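Using the working numbering, the first residue of the sequence shown is number -2, and each one after it goes up by one. Virtual Cβ for every residue (Gly too), placed ideally from N, Cα, C. Being a predicted model, the structure only gives us computed values, none of them experimental.
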Amino acid sequence: LDLNEIAESSGRPQDVIGLHFFSPANVMRLLEIVRAKKTDLSIIKTCMKLAKRIKKIPVLVGVCPGFVGNRILFVRQQQAMRMALQGIDIERIDRLMVEFGFPMGPFQTADLIGLDLGWEKALTNKFLLVDKFCEVGRFGQKNLSGFFDYDDKGKRTGYWQGLKDKYPYSKKQASLQDV
C-alpha cells in the first residue's frame, strides 16, 4: 500500500497516518507509525501517545516497501532458510536466535505467520525451503503442520521429525557467532 497515494486521494492528506501492528498483535509489542509526506505533527503525536497507552513500542517510519520491521524480518528469515538448506539444524537456529535476544526463532516465526503468506503454487521456487513445505501442504500453525507439528488444539508438539529425513543435517553445526 502506498500511504502517500491514499493520503492524497483522501482530500485530507494531513490527517492520514498508518499503524502497522505486527502479528500476532496481542503478543508483538512493536508498532510502526507510518507517516505520509503531509501527515501533520499533531496526528503523529496522538498516535505515539496511543501506542504507549496500549503498551506498544512505537517506531516512526516513512513510506517504503515493508516499512522497517518487515525489511529486517525478511532478511533474517531468508538467511535462516539458507542455513537450513545447508544442513544447519533448525532447532539450533531457533534456539540461538532466542539466546541472542529475539522473542522467537525464525522457524517459529514462519509457522506463526504462515508459510504460505505470499506463496503462489505456479511460482514455486525449488530452491526455497518455504516453497518446498507449501508444496507438500505444510503451511504452519494454521493447518497444524509446518516446521513444527501441532496437536488438534494448535499447541506446538515439537519440530517436524520428517524434516531431518528430507533435509539431512550437516555434521558441522553453526555456533552463536555463525548465526
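Scanning 83, 141, 89 for the CA closest to the CA of residue 110 turns up 141. The three-state secondary structure of residue 112, taken from DSSP, is coil. For residue 106, the CB contacts under 8 Å within the same chain, skipping 5 residues up- and downstream, are 70, 74 in chain order. Fewer than three beta-carbon pairs drawn from the stretch 86 to 97 and the stretch 54 to 61 are found closer than 8 Å, and the two stretches are therefore not classed as touching. Under the criterion of beta carbons closer than 8 Å, residue 82 and residue 164 qualify as touching, at roughly 7 Å. When the five nearest sequence neighbours on each side are left out, the beta carbons in the same chain lying within less than 8 Å of the beta carbon of residue 27 are those of 19, 53, 54, 56, 66, in order along the chain.
For the pair residue 88 and residue 147, the CB atoms are not nearer than the 8 Å cut-off. Around the C-beta of residue 120, fewer than 16 other C-beta atoms lie within 10 Å, and the residue is accordingly described as exposed. For the pair residue 15 and residue 167, the Cα-to-Cα distance works out to about 44 Å.
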